[in-house]
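Note sheet for the following structure.
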Amino acid sequence: MNALPLWLDVLIAVLILIGAVFALIGSYGLAKLGDFLKRLHGPTKATTLGVGCVLIASMIWFNAQGMLSLHELLITLFLFMTAPVSAHLLIKAAMKMDGSIKPKEPAAKLKQGD
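Shown next, in the form of structure tokens:
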């Protein structure tokens, strides 16, 4: 195993810490927020960013060891592409099942229709 330069060790450690903090915040939001729409923001925003930071740190570490690491890059890209789409579909399904959570019409649009 190769010894890494100090700046690279610090970068990897910072990415892992940032990722862990964001994942913790997202998980806490999922568990503690009130309704479905609020709970959906935890995993789709904060946790996605947290897991992305950890995967990027892993990719940097493996590349510094001389091993090409495309698995982490593919996982990160797949995660960042699918999380917003799945959240959008969950919100659309929730709005279809419960019409009371649909947003109200903006005031400017109501005035144009008169």
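Going by the working numbering, 509 is the number at position 29 of the sequence shown; the sequence numbering is gapless. Just so it is clear, CB atoms sit at the ideal spot from N, CA and C, and this is done for glycine as well.
What are the boundary residues of the alpha helix (DSSP H) that residue i is part of?
i: Thr-524; result: Taken as a continuous stretch (DSSP letters only), Thr-524 belongs to no alpha helix (DSSP H), as it is neither H nor E.
i: Asn-543; result: 528-544
i: Ser-507; result: 486-512
i: Pro-564; result: 551-577
Report all residues from its chain with a CB closer than 6 angstroms to the CB of residue i; omit the five preceding and five following residues, and keep chain order.
i: Thr-524; result: Ala-563 and Ala-567
Going straight from the alpha carbon of residue i to that of residue j, what length do you get?
i: Gly-514; j: Gly-532; result: 26 angstroms
i: Met-547; j: Ala-500; result: 24 angstroms
i: Phe-502; j: Leu-529; result: 7 angstroms
i: Gly-506; j: Val-534; result: 14 angstroms
i: Ile-555; j: Leu-484; result: 24 angstroms
Which of helix, strand or coil does DSSP assign to residue i?
i: Ala-587; result: helix
i: Leu-548; result: coil
Can you find the residues in the same chain that come closer than 8 angstroms, C-beta to C-beta, to residue i, ignoring five residues on each side of it along the sequence?
i: Ile-571; result: Leu-517 and Leu-520
Using 8 angstroms as the threshold, is the C-beta distance between residue i and residue j below it?
i: Ala-537; j: Ile-492; result: yes
i: Ser-549; j: Phe-560; result: no
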